[in-house]
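S.K.:
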Amino acid sequence: MPAITAHPYDYELPTATGLALLIIDMQRDFLEPGGFGAALGNDVHRLQAIVPTIKKLQAAFRALHLPIFQTVEGHQPDLSDCPPSKRDRGKGTLKIGDCGPMGRILVLGEPGNRIIDELAPLPDETVISKPGKGAFYQTNLEFLLKTHNISHLIITGVTTEVCVQTTMREANDRGYECLLVEDGTESYFPEFKQATLEMVCAQGGIVGWCARAQAVLAGLNSLQLAER
Ligand code: C5J
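Below is the structure:
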């Protein structure tokens with residue numbers, strides 16, 4: 001049985017149709033100066049280190065014709081899907097909907113809301129806009145995964161303890177087998193990233209598995225060989 005070497009134990013792969021790559025919120029708002037992440041007082045540069053790793057995974061999934069789903073966090077221009085509690089939280093200099101250097105902060109369609117160029121989706125790849133932290137909240141992600149018969153999710157993106165972890169927990173509760181890529185996710189706070197990696201795969205994988213990208217790529221290779 002093809003598997004990925006992972007914590008807390010090997011992550012068994014389904015037949016190729018069943019596996020998808022989920023890339024969470026690799027958008028300019030979080031990775032570049034002048035966006036939502038920076039408006040909340042964070043140093044956005046440390047998030048950029050994972051871009052080459054996610055790019056490698058994206059290329060591997062594309063080469064195997066496996067589905068890739070990306071998300072962006074953003075709100076309608078009238079902010080009708082942004083609760084005041086979210087807009088007001090943090091008391092930053094720029095709030096959601098305000099005009100910043102990359103357009104309106106965390107608003108769909110604005111320049112800052114775009115996925116970074118390095119990870120731009122192909123025209124036939126799905127990008128899900130989400131108003132919350134979790135990718136299942138008020139989106140059609142679950143419908144799309146069911147339509148594609150996906151049971152296993154390889155999860156990457158930012159930030160580890162916010163949108164990535166929330167999404168992994170939502171997916172786990174819905175019965176998906178989730179693996180978080182250790183060097184394919186990042187946080188503004190290294191200690192929060194580390195704690196998240198430890199807590200998701202504690203207790204025998206209470207939320208899922210963790211593995212490095214190299215192990216994921218080796219697992220994909222074994223899957224390809226097994227299905228030849
Ligand atoms: C945050 C996210 N951190 N994508 N969003 O607000 O994790």
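First residue of the sequence shown: 1, per full-length UniProt numbering; consecutive thereafter.
By construction, the Cβ of each residue, glycine as well, lies at the ideal position given by its N, Cα and C atoms.
Note that the coordinates shown come from a computational prediction; the quantities given were computed from them, not determined experimentally.
Alpha helix (DSSP H) containing residue 193: first to last residue?
M.R.: Here the alpha helix (DSSP H) through residue 193 covers 190 to 205.
S.K.: If we count Cβ pairs, one from each stretch, closer than 8 Å, do we get three or more for the stretch 206 to 218 versus the stretch 166 to 179?
M.R.: A contact exists between the stretch 206 to 218 and the stretch 166 to 179.
S.K.: From residue 119 to residue 31, what does the alpha carbon distance come to, in whole angstroms?
M.R.: So the two alpha carbons sit approximately 12 Å from each other.
S.K.: Taking DSSP's pairing of strands, which residues face residue 23 in a bridge?
M.R.: Residue 23 pairs with 70, 156.
S.K.: Is DSSP giving residue 101 helix, strand or coil here?
M.R.: Strand.
S.K.: Should residue 167 and residue 195 be called a contact, given that it needs their Cβ atoms to be closer than 8 Å?
M.R.: Not a contact, by the Cβ cut-off of 8 Å.
S.K.: Here's the rule: buried if 16 or more other CB atoms are within 10 angstroms of the residue's CB, otherwise exposed. What is residue 187?
M.R.: It is buried - the Cβ of residue 187 has at least 16 other Cβ atoms within 10 Å.
S.K.: State the DSSP-derived secondary structure class of residue 183, mapped to helix, strand or coil.
M.R.: Here residue 183 sits in strand by DSSP.
S.K.: Residue 114 and residue 214: beta carbons closer than 8 Å?
M.R.: No, the pair does not count as a contact, with Cβ atoms beyond the cut-off.
S.K.: In angstroms, rounded to a whole number, what distance separates the CA positions of residue 70 and residue 140?
M.R.: The straight-line gap from Cα to Cα measures roughly 12 Å.
S.K.: Residue 157 and residue 107 - do their beta-carbons sit closer together than 8 Å?
M.R.: No, the Cβ-Cβ distance between residue 107 and residue 157 is not below 8 Å.
S.K.: Am I right that residue 217 and residue 91 are in contact with their C-beta atoms under 8 Å? What's the rounded C-beta distance?
M.R.: So it is not a contact: roughly 43 Å between Cβ atoms.
S.K.: List in chain order the residues whose CB is within less than 7 Å of at least one heavy atom of the ligand C5J.
M.R.: In chain order, the qualifying residues are 24, 25, 30, 36, 37, 73, 133, 158, 159, 162, 163, 164.
S.K.: What are the boundary residues of the alpha helix (DSSP H) that residue 216 is part of?
M.R.: Here the alpha helix (DSSP H) through residue 216 covers 213 to 226.
S.K.: With DSSP run on the structure shown, which of helix, strand or coil describes residue 151?
M.R.: Residue 151: coil per DSSP, three-state reduction.
S.K.: Is residue 65 helix, strand or coil when you go by DSSP?
M.R.: It is coil, neither helix nor strand.
S.K.: List the whole-angstrom C-beta distance separating residue 103 from residue 94, where the pair is believed to meet the contact cut-off of C-beta under 8 Å.
M.R.: The Cβ separation is near 11 Å, so there is no contact.
S.K.: Are residue 193 and residue 142 touching if we call contact CB-CB under 8 Å?
M.R.: Contact flag unset, no.
S.K.: Who are the near neighbours of residue 149 in its chain, counting only those whose CB is closer than 8 Å to its CB and skipping five residues on each side?
M.R.: So the qualifying residues of the chain are 17, 18.
S.K.: Tell me, please, which residues DSSP counts as bridged to residue 11.
M.R.: Answer is 4.
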